[in-house]
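Read through the structure below, which is laid out as structure tokens, and then see the notes.
Chains as they are written, first to last, in my numbering: chain A, 4 to 338; chain B, -4 to 338.
Written out as structure tokens, the structure is:
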């Protein structure tokens, strides 16, 4: 097995504001091999975007208490100086967002922005950087790329802006791309274009991708592996085919069952009852237990440790579905 | 106890559509003579108890259409007929009388509630405006909250920021129900909710439709959700209707190339069968600079010279229509049937 590109161990993030601290992440551990695509699936407040931002040290460090380890290409990200971070961001690790205007500067042309990034990280002449920018715009499928070099972000349609942001992020050949719901705000016909583009670029450039989404269909299209988050914890991880095809954690199974794709029109959807817990007052045991049909007494007492229900799989559950339970006997199951 | 107001009595009987829209138009001037053709000649009808789904991408005019129905903005042309009565105009029913029968729920559950009012007061506001006393309106509000499975004693006195997104959207539905409407226009009403909460709210909407004999117009960009809740579906593109028909038929055998492209753009739910080829490229064009002829022609894989000559009308079978020359015998499109086929 090759050395991991990214390794996160026991990452805790708590935000301190005026009141009770918000425990955004609790003991998140992840590993990404070079060239792998990992999707982090979760609903609002599950911690998926916080995990992504922590990898790039984008969290407000005066308000966020961060514990644990993040190692990227063998280096300790949490110990990096500002100077080291600036050298890493955009060069070795790049990020794309849901809203491209968060990444693009409205007062500079697309070409100028890509060329500036290229020169800053890779050096070279202005002409070479501009040639690189043109090459990138062509690679991401922007039509009439030479003309679009001199366009301002507001002059482009939503789909083209998304492509321009991807061109900017990939212009210095990063080893790791962090993608924060980059297709969520796009129209259906544009979303699938961007997904196929990212899949093609990943294969061509061989970078690793951590892709945050709430959409199981998006994960099915692009992921090698998926990690499912709930209330700041990874509750399940494994290959995309296994997790979506044979979920081990009741939350993953509940998410799949509550998809309208899986019921007859108009029929009752098997919705997960209740709502996620308040991150200011997490229950002492499994955060999903109050909504879980399979919960047993042990689930309310302690947070389930990770178990390995199969090769390459992890679930934090005392009663993983379809697998031999760990921690207590089968008879304790609540029907 | 259910003390929701009784809906306005049925007038035309079950065969008369609850709502007919004829040739609705809305253009937004941009200056310099340019106009956004937001809604450009849209006609449809909704039967009593039916749910009509409206799908389309951003800029297709589906939200403007909802606002025209609710009289939230004046239409430039066209007619609206509610159970036989024209809405507005010298001989029609008033906007207030129309809103007594048709209510709306918006996408953004937070901004559609007054942050300074307990939610029960927001729900009671409609009945107050429609003439109830303060205490009677609050009683209606409590009944409406019960109807959406919220405990009026627990949730009613709370402020919007104290509720979850799903609870806020239930409150918005309760507010629509508090008038005793016959029809509810739902504009992306479940789109901002997390999947597990979205499923709960969809179940609620299906239950309310059955229990209260409601008619829905359900606007969404999410094809799976529209398929789940709708009886018929209407597909819009650049301000016009591309296809309309029973939901099962449109999803199983779409007749318009745009509908086919929309359906083919849905992500596969199976990692073993990923999408390999694109059904359509590019973005939906700007509704200002409209192409001549069929508006979908510039992106259509089947477009021919004849498609840029005239804007096709809806045509096809009895209740499943598409605005495509391929559907019109003798239209000159190479894939259209000959004239003798129609005879």
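Virtual Cβ for every residue (Gly too), placed ideally from N, Cα, C.
Residue from A/314, A/315 and A/196 whose Cα sits closest to the Cα of residue 257 of chain B = A/196
query = Exposed or buried, which one is residue 325 of chain B when buried takes at least 16 other CB atoms within 10 Å?
reply = exposed
request  = Tell whether a beta-carbon distance below 9 Å holds between residue 91 of chain B and residue -1 of chain B.
outcome  = no
query = Between the beta-carbon of residue 228 of chain B and the beta-carbon of residue 47 of chain B, is there less than 9 Å?
reply = yes
inquiry  = Please return the same chain residues whose Cβ sits closer than 6 Å to the Cβ of residue 248 of chain B, not counting the five positions on each side in sequence.
reply    = none
query = Using DSSP with H/G/I as helix, E/B as strand and the rest coil, what is residue 117 of chain A?
reply = helix
ask   = In chain order, what residues of the same chain have a beta carbon less than 6 Å from the beta carbon of residue 298 of chain A, not counting five sequence neighbours either side?
value = 292
Whole-angstrom distance between residue 236 of chain B and residue 149 of chain B, CA atom to CA atom = 45 Å
request  = Starting from the Cα of residue 72 of chain A, find the closest Cα among A/43, A/9, A/154 and A/93 and give me that residue.
outcome  = A/9
request  = Kindly indicate the opening and closing residues of the beta strand (DSSP E) around residue 275 of chain A.
outcome  = It is not in any beta strand (DSSP E) - residue 275 of chain A carries neither H nor E in the DSSP assignment.
ask   = Who are the neighbours of residue 196 of chain A on chain B, taking C-beta pairs under 7 Å?
value = 273 and 276
key: Continuous beta strand (DSSP E) stretch holding residue 33 of chain B: start and end   = 29 to 41
task = Have a look at A/202, A/45 and A/148 and flag the residue whose alpha-carbon is nearest the alpha-carbon of residue 269 of chain B.
result = A/202
ask   = Sorted by chain position, which residues of the same chain lie with C-beta nearer than 7 Å to residue 116 of chain A's C-beta, five sequence neighbours on each side aside?
value = 107, 108 and 171
query = If you drop the 5 nearest sequence neighbours on each side, which residues of the same chain put their C-beta closer than 8 Å to that of residue -4 of chain B?
reply = Annotation note: pLDDT 47 at residue -4 of chain B (below 50); position unreliable, no value reported.
inquiry  = Here's the rule I'm using: 16 or more other beta-carbon atoms within 10 Å means buried, otherwise exposed. How should residue 91 of chain A be labelled?
reply    = buried
ask   = Where residue 70 of chain A and residue 119 of chain A are concerned, what is the direct C-alpha to C-alpha distance, given to the nearest angstrom?
value = 34 Å
ask   = In three-state DSSP terms, what is residue 240 of chain B?
value = strand
ask   = Is the distance from the Cβ of residue 222 of chain B to the Cβ of residue 263 of chain A below 9 Å?
value = yes
request  = Less than 8 Å between the CB atoms is what I'm expecting for residue 183 of chain A and residue 101 of chain A, so what's the real figure, rounded?
outcome  = 6 Å
ask   = In or out: residue 276 of chain A buried (at least 16 other Cβ within 10 Å) or exposed?
value = exposed
key: Backbone CA spacing between residue 252 of chain A and residue 160 of chain A [nearest angstrom]   = 40 Å
request  = Within its chain, find whatever has a CB closer than 6 Å to the CB of residue 95 of chain A; leave out the 5 residues flanking it on each side and keep chain order.
outcome  = 177 and 178
message = Measuring straight from C-alpha to C-alpha, what distance separates residue 100 of chain B and residue 216 of chain B?
response = 16 Å
ask   = How long is the line joining the alpha carbons of residue 206 of chain B and residue 97 of chain B, rounded to whole angstroms?
value = 17 Å
key: Own chain, CB closer than 6 Å to residue 321 of chain B, minus 5 neighbours either side, in chain order   = 328, 330 and 331
message = Buried or exposed, going by whether 16 or more other CB atoms sit within 10 Å of the CB of residue 129 of chain A?
response = exposed
query = Taking buried to mean at least 16 other C-beta atoms within 10 Å of its own C-beta, is residue 243 of chain A buried or exposed?
reply = buried
request  = Could you check what DSSP says for residue 13 of chain B in three-state terms: helix, strand or coil?
outcome  = coil
ask   = Shorter than 9 Å from the beta carbon of residue 156 of chain A to some beta carbon of chain B?
value = no
task = Output the residue ranges of the alpha helix (DSSP H) runs that lie fully inside the segment 79 to 104 of chain B and measure 4 residues or longer, sorted by chain position.
result = 90 to 94
Span of the beta strand (DSSP E), counted from its first residue to its last, around residue 42 of chain A = 40 to 44
query = What are the residues that DSSP puts in a beta bridge with residue 214 of chain A?
reply = A/42 and A/182
request  = Using a Cβ cut-off of 8 Å, pull out every chain A residue sitting near residue 290 of chain B, in sequence order please.
outcome  = Those within 8 Å of residue 290 of chain B in chain A number zero; the least Cβ separation is about 14 Å.
request  = Run the CB neighbour count on residue 334 of chain B, radius 10 Å, all protein chains shown included, and call it buried at 16 or more, exposed below.
outcome  = exposed
request  = Could you work out which residue in B/38, B/32 and B/285 is closest to residue 19 of chain B when comparing CA atoms only?
outcome  = B/38
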